[in-house]
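Per my numbering, numbering through the sequence shown is continuous, rising by one, with the last residue being 393. Worksheet: the structure to be examined is printed underneath.
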Amino acid sequence: METSLTCCARGAILPTASSQQYSTLASPRSVSPSFSSKSLRGSSIYGDSLRIVPRSSLKVSKAKSSALVTKCEIGDSLEEFLTKSTSDKGLIRLMMCMGEALRTIAFKVRTASCGGTACVNSFGDEQLAVDLLANKLLFEALQYSHFCKYACSEEVPELQDMGGPVEGGFSVAFDPLDGSSIVDTNFTVGTIFGVWPGDKLTGVTGGDQVAAAMGIFGPRTTYVLALKDIPGTHEFLLLDEGKWQHVKDTTTIGEGKMFSPGNLRATSDNTEYAKLIDYYVREKYTLRYTGGMVPDVNQIIVKEKGIFTNVASPSAKAKLRLLFEVAPLGFLIEKAGGYSSDGKQSVLDKVINNLDERTQVAYGSKNEIIRFEEMLYGSSRLKAAQPVGAAA
Ligand code: F6P
Ligand code: MG
């Protein structure tokens, strides 16, 4: 079912900033590594709105009409937006629980102390590296949602049973803290996750996702998400009072000369990639690259233009994971009106054969992806009749 969605501004977006209210987030209880539901029930890290919902009230409701028309508004809360966008209460709850985890991770990233090799923060009585802490918080949130069957993370690439149902439930793959090697430099980092229906994370494609999202921990904290049933990719800003507010929709990615070239070392023995990079430089594209996939891909959604590449070569193999990173970001980009490619096909068409599968990838506007495929492999499945050329 494709829900039609119209969004409009609702006056002033930002309320007056109040003092930061992280009292419930600052001292979370320690969580057992087994992610037991007992420890989750007593956890203090999630808001009351999530804690008081009894499992029995969380029935999955199917859409009654195939032509559900929703009217979301810029300025809506996350819950208002989700309620208008999908009738699947399980998915709403899962996305809300992940929002709670992202809020806590944002706080932990912001207050981490960074030494020689890692950035650490406290979690109950433990001192944990922030990526491991994020990993724990996300598993905990998924178990707490009651709608996650299996979860799997880049840190723990094995299916973990979260106790939710197969029918009406979801399986979730996540990269807890992408860019953890640049946390110490205070660059933007982020969480990536994809949501698949039922109990399968292999033998499926990125196109089977029902939702995908990023949590972005920069000067501002945002939650950028897309849902299968509605068009667009939607940005929520974390306000001082702890709420997520809908601030932007992206539905088209246009042409524009901005490039974000990953795995550049591959240009030493991949002459096609070297020529593509030469083309960007010769054509005076603006370089925007942090080395963190979340901000580097998010800028395409925010600026509604550009190209991100991470290309492999014999000596610099593909390192980005299809399940945890590439497919969820592909879903966000394509929902935003952009395109993705592994050189020959959309990354959303690639079957995920194993949890740790790696791939090269590009995300961007249509003409940029055509150029990427043509320069790497001589032709593009997207080739249009008109000549390709990026606007200034
Ligand atoms: O997840 C791996 C990662 O850190 C991405 O966030 C980033 O895009 C990539 O590696 C950077 O790779 P490179 O340093 O080779 O360009
Ligand atoms: Mg990563």
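A virtual CB, placed ideally from N, CA and C, is assigned to each residue, including glycine.
Only buried fits glutamate 141, as 16 or more other CB atoms lie within 10 angstroms of its CB. For the pair glutamate 156 and alanine 135, the Cα-to-Cα distance works out to about 10 Å. DSSP, reduced to helix, strand and coil, places leucine 288 within a strand of the structure shown. In the DSSP assignment, phenylalanine 108 falls within the unbroken alpha helix (DSSP H) covering 90 to 111. For leucine 129, the enclosing beta strand (DSSP E) begins and ends at 127 to 130. With distances taken between CA atoms, leucine 277 lies nearest to Gly344 out of Pro315, Ala328, Gly344. Listed as beta-bridge partners of arginine 322 by DSSP are Arg359. Just so you know, the alpha carbons of aspartate 162 and valine 303 end up roughly 35 Å apart. Our two residues, serine 314 and leucine 321, have alpha carbons roughly 13 Å apart in a direct line.
Take the alpha-carbon of asparagine 368 and the one of alanine 267: they are about 23 Å apart. In this structure, tyrosine 151 places its C-beta atom within 8 Å of the C-beta atom of leucine 202.
For glutamine 300, the three-state secondary structure derived from DSSP is helix. Beta-bridge partners of threonine 234 (DSSP): Thr251.
Straight-line measurement puts the Cα of aspartate 209 at about 16 Å from the Cα of aspartate 89.
The nearest non-hydrogen atom of the ligand MG is less than 7 Å from the C-beta of aspartate 179.
The nearest non-hydrogen atom of the ligand F6P is less than 7 Å from the C-beta of methionine 294.
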